[in-house]
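Taking it in order: structure first as structure tokens, then the write-up.
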């Protein structure tokens, strides 16, 4: 997997990037003992089953079985190959990579990142230089402080048709590369190209790793459109990225709440006012990809909309996205048609916080639209409102929430709760019938250690992987003492990771190194990832490990005794050979008794 990159490069990346911090960009993690846990980013996890070991730099999900190191995490989360994951992490760590001419796809993506970084720098310099006066004046009118401009990297695109392209072409990129990056547009006549962004304030759009991947521009004259975004490219998709998430993620993870607004300036104004858990969509409604990016970071989402018909429609469009998720979603309505930017500037941060505090559940907001206050004395009115509202109720994932709003709707429509329960059951039954025959993807196969295995072998293997157990006892015991084939393979990998002539009390290599050695051995790699996050009660850990090694030693001796007994009874041997075997049997019995007395291992553990 990693042969295209030197071991030194991969080791440097592992040393500079902490897996907990990396995963924390996608998942809200909470420390539990030695590990950090959160919702798995790879399956619909409702209970935290995703565990990261800070000391071992490995992750494992006890729900879907995903596991590995930082490279594996990025590969799975970003749906990219190993070379691309190495490039992404090297860029994040500031580690230069050698030119890999044989890998055109990697070089192509890297060029896009480099073009955006150079363009962002160009725009920043234009904002502070001659010709940027109008942009600076506009930003001053928007009450954005210099610190905010610097934090978000704002810039200015000159009114020239080729100001940016000329600068980037001079740096060695081709027109084809600039077009793929979305910073230039080919002329309809086929005769050349022109800069996409002209005479606009530029807002760089970043991914969660803070790489610039696109731009948004606000025009400074009457040219339409007022706001212009980069097109989708191999490194940017407006249906996946959220403006400001790179800066908001720490606050989002710590508070558990994400606030979604509609514009760049709304985000910058609220961040400047101290509300730093705010992000914005990029000219689109929220998408499933957006939810996939945020739902594992948060327990609550607040959608900020204008209370006008357009805002209501925007809220209604989100219902189908959120109702299947067991996630608290609220709607905050802005007063007087003001956007968050104007509200903060004119009335202060407390006014915006008051709007958030006055938010109401999305379902309550939507049901109020489906069944607005009115006259429900007629049967037709009751039926029409119920027909609109019941699909919304049926989609709710949480049964308690569903029952609560069913009662609310019954009161609003002046019908019995039982009648709505029957109607809801009928709707859900039809939904299930309609879904019959739909083939769902099978869940990922759980990690091998999830199957029944001897506890002692699991403990000893985990102690080996985590470096709690020196190699001497295991080498003396022999990896054949592991009856489980996958755990035996793990033990062999750990033992082979250290010099075969090393001291008996030597420690094994790091868990991440052992995991890398398991390349191509899926079961062993998955087992190593799980064993790396094996839980311990610290005050009992050493004793448990010692007792489990002893139990395995006793079991090996017991097996040898049984072999001797069978040999004596089944084979016709010379008398002197039988005596030799009986003497060995006696020595083994004494050894077993000494081990039991020393560690107080119950007799029932032997041979079990």
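Numbering (my numbering), first residue to last: 1 to 608.
Ideal Cβ positions, reconstructed from N, Cα and C, are used throughout, including at glycine.
Counting along the chain, no alpha helix (DSSP H) covers residue 205; the unbroken beta strand (DSSP E) around it starts and ends at 200–206. Contact between residue 19 and residue 57 holds: their C-beta atoms lie close to 5 angstroms from each other, under 8 angstroms.
In terms of Cβ geometry, residue 62 and residue 49 form a close pair [threshold 7 angstroms]. Within the stretch 248–321, the complete beta strand (DSSP E) segments of 3 residues or longer fall at 257–261, 278–280, 300–305, listed in chain order. Judged by their CB atoms, residue 112 and residue 235 are nearer to each other than the 7 angstroms cut-off. Straight-line measurement puts the Cα of residue 398 at about 18 angstroms from the Cα of residue 291. Membership of residue 60 in the beta strand (DSSP E) is indicated by the continuous run 58–61.
With respect to residue 266, residue 341 sits close: the two C-beta atoms are nearer than 7 angstroms. By the 16-neighbour rule on beta-carbons within 10 angstroms, residue 21 is exposed. Shown here, residue 236 sits in a strand according to DSSP, grouped into three states.
Looking only at 459, 143, 593, the smallest Cα-Cα distance to residue 272 is reached by 143. Taking 4 residues as the minimum length, the alpha helix (DSSP H) runs contained wholly in the stretch 85–138 are 104–128, in order along the chain. DSSP places residue 533 outside both helix and strand once states are collapsed to three, so it counts as coil. Residue pairing by DSSP puts residue 195 in a beta bridge opposite 184. One thing to note: residue 487 has its Cβ within 7 angstroms of the Cβ of residue 457. Rounded to whole angstroms, residue 564 and residue 585 show a C-alpha spacing of 7 angstroms. Distance from the CA atom of residue 82 to the CA atom of residue 6, rounded to whole angstroms, is 13 angstroms. Between the alpha carbons of residue 37 and residue 296 lies a gap of roughly 11 angstroms. In its chain, beyond the 5 residues on either side, 155, 156, 157, 202 have a beta carbon closer than 7 angstroms to the beta carbon of residue 123. Here residue 496 is not bridged, per DSSP, to any residue. Cα atoms of residue 559 and residue 526: separation of roughly 29 angstroms, rounded to the nearest angstrom. The three-state reading of DSSP puts residue 27 in coil, since its state is none of H, G, I, E or B.
The continuous beta strand (DSSP E) containing residue 330 extends over residues 328–333. Per DSSP, residue 144 has no beta bridge partner at all. Non-local beta-carbon contacts of residue 252 in its own chain, meaning distances under 7 angstroms to residues more than five positions away in sequence, involve 258, 277, 297, 298 in chain order. Within the DSSP secondary-structure output, residue 35 pairs in a beta bridge with 32.
The beta-carbon separation of residue 228 and residue 280, rounded to 15 angstroms, does not stay under the 8 angstroms limit for a contact.
Here residue 199 is buried: its Cβ has 16 or more other Cβ atoms, across all protein chains shown, within 10 Å. For residue 157, the enclosing beta strand (DSSP E) begins and ends at 155–157. Taking the C-beta atoms as reference points, residue 476 is found no nearer than 7 angstroms to residue 531. Remark: fewer than three beta-carbon pairs, one from each stretch, lie closer than 8 angstroms, so the stretch 343–352 and the stretch 314–323 are not flagged as touching. For the alpha helix (DSSP H) assignment, the uninterrupted runs of no fewer than 4 residues enclosed by the stretch 454–485 are, from N- to C-terminal side, 455–465, 471–477. Scanning 175, 183, 379 for the CA closest to the CA of residue 190 turns up 175. For residue 244, there is no enclosing beta strand (DSSP E), as DSSP marks it with neither H nor E.
The beta-carbon distance between residue 284 and residue 239, rounded to whole angstroms, is 6 angstroms. This is short enough to meet the 8 angstroms contact definition. Nearest C-alpha to residue 254 among 268, 237, 275, 269: 275.
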